[in-house]
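**Student:**
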Ligand SMILES: Nc1ncnc2c1ncn2[C@@H]1O[C@H](COP(=O)(O)OP(=O)(O)OP(=O)(O)O)[C@@H](O)[C@H]1O
Ligand SMILES: Nc1ncnc2c1ncn2[C@@H]1O[C@H](COP(=O)(O)OP(=O)(O)OP(=O)(O)O)[C@@H](O)[C@H]1O
Ligand SMILES: [Mg+2]
Ligand SMILES: [Mg+2]
């Protein structure tokens with residue numbers, strides 16, 4: 001579903017340059033749940049942003065399906081992300097002036113599409129956001145904001161979901177509910193999920209766990225629970 | 227060290243009103259490590275903000291030592307926070323235009339004080355920030371930003387440290403290092419720590435664990451590991 005081929009990402013220049021990804025190659029299997037773990041600063045968010053076309057690589061190639069992202073212009077890239085990718089950001093990135101409900105359906109509004117009402121209800125009730133829909137992000141708890149960010153990524157039922165530590169601010173129960181929901185997206189709807197997490201119990205939901213260190217893949221394993 | 231007496235905090239008005247704290251009474255013991263756990267939206271961040279004088283209560287009283295926060299004017303409250311309280315925010319709240327180093331010593335700069343160089347070195351090396359000091363927040367990983375926020379709260383060696391989910395974005399090793407550091411602050415320097423966390427292993431470092439639900443204390447226990 002997605003692939004990094006010898007990807008290098010360098011931030012900055014000269015002595016201040018940071019080699020966030022150091023020649024990383026990774027294949028994300030379609031219809032599978034892949035978890036990515038690694039120390040803080042090891043390159044997980046950078047990898048996710050490059051795979052989702054949100055950040056340009058310094059060298060190497062990124063493929064989504066059989067499309068090389070470098071062959072797309074800005075408009076094509078934007079459309080691909082909008083139509084095929086959902087992204088849960090580590091810092092949520094909600095629009096402060098919109099309500100939770102407006103934030104959740106924003107990808108659809110931008111595409112001029114109407115939400116599937118049944119699916120919207122499923123997403124809202126599973127993530128327990130029903131009584132916070134008219135609140136703005138500043139009026140929500142940290143975990144509520146994180147769940148709104150997750151709902152936004154799921155609302156378009158994209159082929160490919162990238163989730164950057166989506167349960168970092170959730171208590172174990174809400175976290176487990178979100179993880180179950182992601183697991184169902186794979187089992188029932190054949191979506192592809194790439195989850196960055198520091199939580200071993202979240203990673204245990206995946207089919208495969210990839211370990212990063214210093215911008216490279218250092219290990220991987222089939223999930224212990226499958 | 228800090229006390230909430232029948233504290234009620236209501237956000238909004240009329241039908242949109244949210245009773246984030248519903249008559250909560252809690253005593254934080256001096257020189258102790260208290261953990262606060264509870265479901266997302268149960269009032270943990272609100273409680274911390276009210277205890278630290280960052281938010282005004284709707285009714286009830288908050289005491290820091292034997293000072294009733296309601297008796298202080300804005301300047302006195304600001305000075306009390308600056309001199310006696312350190313706060314690690316759930317959303318970090320770093321200044322985007324300052325480097326990591328500048329963010330860390332900001333409480334001292336504001337007070338016109340110089341950092342204790344030895345202590346600054348201890349904080350920076352324990353939190354592994356030594357090679358990121360001249361980076362700005364947008365150039366840091368999520369976990370690095372969180373560690374900078376923690377360093378800033380610790381740099382003044384305040385009597386009272388409030389930490390709102392300070393390890394939510396950290397891998398288990400960096401998280402354990404931060405928690406050990408907080409534990410030492412209590413054991414070696416008699417500081418008082420109030421930690422909000424979703425992580426049972428972080429809560430296990432505390433002397434006492436308080437459980438919140440719907441803006442009230444519903445349970446508490448002495449820590450299993452002391
Ligand atoms: N400015 C506000 N206006 C309206 N409601 C608010 C506001 N700020 C917080 N709330 C509500 O108050 C309740 C408690 O919020 P709080 O941030 O204290 O929760 P929390 O326990 O820290 O949750 P989390 O674990 O998700 O961080 C939540 O239901 C939230 O929606
Ligand atoms: N804009 C930037 N300029 C310079 N360095 C950067 C920039 N963005 C990220 N970095 C660096 O790249 C490295 C990888 O960052 P990344 O955000 O991918 O880490 P991560 O694995 O997601 O960490 P965490 O678990 O803390 O979220 C970090 O060392 C970080 O400091
Ligand atoms: Mg990250
Ligand atoms: Mg909170």
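Residue numbers (my numbering), protein chains in the order written: chain A, 1 to 226; chain B, 227 to 452.
Glycine residues also receive a C-beta, built at the ideal position from the N, C-alpha and C atoms.
(1) Are the C-beta of residue 275 of chain B and some C-beta of chain A separated by less than 8 Å?
(2) Leaving out five residues on either side along the sequence, give the residues of the same chain with a beta carbon under 6 Å from the beta carbon of residue 216 of chain A.
(3) Go ahead and pull the three-state DSSP assignment for residue 56 of chain A.
(4) Contact check, residue 92 of chain A vs residue 162 of chain A under 8 Å by CB: the rounded distance?
(5) So is residue 413 of chain B in contact with chain A if we call contact Cβ pairs under 8 Å?
(6) My parser needs the beta strand (DSSP E) runs of 3 or more residues fully inside the stretch 280-321 of chain B; what are they?
(7) If you draw a straight line from the alpha carbon of residue 426 of chain B to that of residue 401 of chain B, how long is it in whole angstroms?
(8) Would you check if there are 3 or more beta carbon pairs closer than 8 Å linking the stretch 372-384 of chain B to the stretch 142-159 of chain A?
(9) When you compare each of B/403, B/330, B/305 and B/436 to residue 278 of chain B by their alpha carbons, which one comes out closest?
(10) Could you give the residue range of the alpha helix (DSSP H) that holds residue 336 of chain B?
(11) Can you find a heavy atom of ligand 4 that lies under 7 Å from the Cβ of residue 142 of chain A?
(12) Quick one: does the C-beta of residue 365 of chain B sit closer than 7 Å to a heavy atom of ligand 6?
(13) Could you pull the DSSP bridge partners for residue 33 of chain A from this structure?
(14) If you run the structure through DSSP and keep just helix, strand and coil, what is residue 403 of chain B?
(15) With a CB to CB cut of under 7 Å and the five nearest residues on each side skipped, what residues in its chain are close to residue 267 of chain A?
(16) How many angstroms separate the CA atom of residue 206 of chain A from the CA atom of residue 193 of chain A?
(17) Mind checking whether residue 43 of chain A and residue 16 of chain A have CB atoms under 8 Å apart?
(18) In chain order, what residues of the same chain lie with their CB nearer than 6 Å to the CB of residue 407 of chain B, ignoring the 5 residues before and after it?
(19) Let me confirm a value: residue 37 of chain A is counted as buried when at least 16 other C-beta atoms fall within 10 Å, else exposed. Which label applies?
(20) With respect to the beta strand (DSSP E) encompassing residue 222 of chain A, which residues constitute its N-terminal and C-terminal limits?
(21) Please classify residue 233 of chain A: does DSSP put it in a helix, a strand, or coil?
(22) Kindly say whether residue 205 of chain A, judged by its beta-carbon, lies nearer than 8 Å to any beta-carbon of chain B.
(23) Excluding the 5 residues preceding and the 5 following residue 334 of chain B in the sequence, name in chain order all residues of the same chain whose CB lies nearer than 6 Å to its CB.
(24) Go to residue 386 of chain B, then tell me how far its beta strand (DSSP E) extends in each direction, as first and last residue.
(25) Are the beta-carbon atoms of residue 9 of chain A and residue 71 of chain A separated by less than 8 Å?
(26) DSSP three-state label for residue 38 of chain A, please.
(27) Against chain B, which members of the stretch 152-183 of chain A pass a CB distance test of less than 9 Å?
(28) Between residue 134 of chain A and residue 377 of chain B, what straight-line distance do the alpha-carbon atoms span, to the nearest angstrom?
(29) Can you find a heavy atom of ligand 2 that lies under 7 Å from the Cβ of residue 38 of chain A?
(30) For ligand 3, any of its heavy atoms closer than 7 Å to the Cβ of residue 164 of chain A?
(31) Going by beta carbon distance, what residues of the same chain come within less than 7 Å of residue 257 of chain B, once the five residues before and after it are set aside?
(32) Are the beta-carbon atoms belonging to residue 175 of chain B and residue 409 of chain B less than 8 Å from one another?
(33) Output the distance between the C-alpha atoms of residue 220 of chain A and residue 66 of chain A, rounded to the nearest integer angstrom.
(34) Cα separation between residue 232 of chain A and residue 128 of chain A?
(35) Does the distance from the C-beta atom of residue 238 of chain B to that of residue 165 of chain A stay below 8 Å?
(36) Just tell me which of A/202, A/214, A/195 and A/204 has its CA closest to the CA of residue 29 of chain A.
**Tutor:** Taking the definition as stated:
(1) Here residue 275 of chain B is taken as the residue at index 49 of the second chain, counted from 1. Taking Cβ atoms only, chain A never reaches closer than 8 Å to residue 275 of chain B, which makes this a no.
(2) Counting from 1 along the first chain, the entry for residue 216 of chain A is found at position 216. So the qualifying residues of the chain are 22 and 24.
(3) What you label residue 56 of chain A is simply residue 56 of the first chain in a count that begins at 1. Here residue 56 of chain A sits in coil by DSSP.
(4) Walking along the first chain from the start, residue 92 of chain A turns up at place 92. Walking along the first chain from the start, residue 162 of chain A turns up at place 162. Actually they do not touch by this definition, with Cβ atoms about 14 Å apart.
(5) In the second chain, counting from the first residue as 1, residue 413 of chain B sits at position 187. Not one beta carbon of chain A lies nearer than 8 Å to the beta carbon of residue 413 of chain B.
(6) List check, beta strand (DSSP E) in window: 285-290 and 311-314.
(7) For the purposes of this step, residue 426 of chain B is identified with residue 200 of the second chain, where counting begins at 1. For the purposes of this step, residue 401 of chain B is identified with residue 175 of the second chain, where counting begins at 1. Rounded to whole angstroms, residue 426 of chain B to residue 401 of chain B spans 12 Å at the Cα level.
(8) Result no; under three Cβ-Cβ pairs closer than 8 Å.
(9) Within the second chain, numbered from 1, the residue matching residue 278 of chain B stands at position 52. Per the Cα distances, B/305.
(10) Taking the second chain and counting its residues from 1, one reaches residue 336 of chain B at position 110. Here the alpha helix (DSSP H) through residue 336 of chain B covers 332-336.
(11) As a working note, residue 142 of chain A is residue 142 in the first chain. Result yes, Cβ under 7 Å from ligand 4.
(12) Absence of ligand 6 is noted for the structure shown, with ligand 1, ligand 2, ligand 3 and ligand 4 being the only ligands found.
(13) Sequence index remark: in the first chain, residue 33 of chain A carries index 33 (1-based). In DSSP, residue 33 of chain A forms a bridge with A/193.
(14) Position 177 of the second chain holds residue 403 of chain B. If DSSP states are grouped into helix, strand and coil, residue 403 of chain B belongs with the helices.
(15) The question about residue 267 of chain A has no answer here: the residues shown for chain A are numbered 1 through 226.
(16) Within the first chain, the letter at position 206 stands for residue 206 of chain A. Within the first chain, the letter at position 193 stands for residue 193 of chain A. Approximately 9 Å between the Cα atoms of the pair.
(17) Taking the first residue of the first chain as position 1, residue 43 of chain A is located at position 43. Taking the first residue of the first chain as position 1, residue 16 of chain A is located at position 16. Contact annotation: residue 43 of chain A and residue 16 of chain A have beta-carbon atoms that are not nearer than 8 Å.
(18) Working through the second chain from its first residue, we reach residue 407 of chain B at position 181. Excluding its 5 nearest sequence neighbours in each direction, residue 407 of chain B has C-beta neighbours in its own chain below 6 Å: 352, listed in chain order.
(19) Residue mapping note: residue 37 of chain A aligns to position 37 of the first chain, counting from 1. By the neighbour-count rule (16 or more Cβ atoms within 10 Å), residue 37 of chain A is buried.
(20) As a first step, residue 222 of chain A is located in the first chain; it is residue number 222 there, counting from the start. Going by DSSP, residue 222 of chain A is part of the beta strand (DSSP E) stretching over 216-222.
(21) The question about residue 233 of chain A has no answer, for chain A in this structure spans 1 to 226.
(22) Taking the first residue of the first chain as position 1, residue 205 of chain A is located at position 205. With 8 Å as the cut-off, residue 205 of chain A does not count as an interface residue toward chain B.
(23) One-based indexing of the second chain puts residue 334 of chain B at position 108. Excluding residues within five positions, the ones whose Cβ falls inside 6 Å are 341.
(24) Counted from its first residue, the second chain places residue 386 of chain B at position 160. Counting along the chain, residue 386 of chain B sits inside the beta strand (DSSP E) bounded by residues 386-390.
(25) The sequence position of residue 9 of chain A within the first chain is 9, counting from 1. The sequence position of residue 71 of chain A within the first chain is 71, counting from 1. Cβ atoms of residue 9 of chain A and residue 71 of chain A: not closer than 8 Å.
(26) Sequence index remark: in the first chain, residue 38 of chain A carries index 38 (1-based). Residue state for residue 38 of chain A is assigned as strand, using DSSP reduced to three classes.
(27) Listed in sequence order: 164, 165, 167, 168, 169, 170, 171, 172, 173, 174 and 175.
(28) The sequence position of residue 134 of chain A within the first chain is 134, counting from 1. The sequence position of residue 377 of chain B within the second chain is 151, counting from 1. For residue 134 of chain A and residue 377 of chain B, the distance between alpha carbons rounds to 36 Å.
(29) As a working mapping, residue 38 of chain A is identified with position 38 in the first chain. Taking non-hydrogen atoms of ligand 2 into account, the C-beta of residue 38 of chain A is found less than 7 Å away from one of them.
(30) Start at 1 with the first residue of the first chain, and residue 164 of chain A comes out as number 164. Checking the Cβ of residue 164 of chain A against ligand 3 gives yes.
(31) As a working mapping, residue 257 of chain B is identified with position 31 in the second chain. Closer than 7 Å at Cβ, skipping near neighbours: 412, 416 and 418.
(32) This structure does not reach residue 175 of chain B, given that chain B is present from 227 up to 452, and the question cannot be answered.
(33) Here residue 220 of chain A is taken as the residue at index 220 of the first chain, counted from 1. Here residue 66 of chain A is taken as the residue at index 66 of the first chain, counted from 1. A straight-line Cα-Cα distance of about 24 Å links residue 220 of chain A and residue 66 of chain A.
(34) The requested residue 232 of chain A is not part of the displayed model; chain A covers only 1 to 226.
(35) The residue you call residue 238 of chain B lines up with position 12 of the second chain. The residue you call residue 165 of chain A lines up with position 165 of the first chain. No. Outside cutoff.
(36) Mapped onto the first chain, residue 29 of chain A falls at position 29. Selection A/202, A/214, A/195 and A/204 evaluated against residue 29 of chain A yields A/195 as nearest (Cα-Cα).
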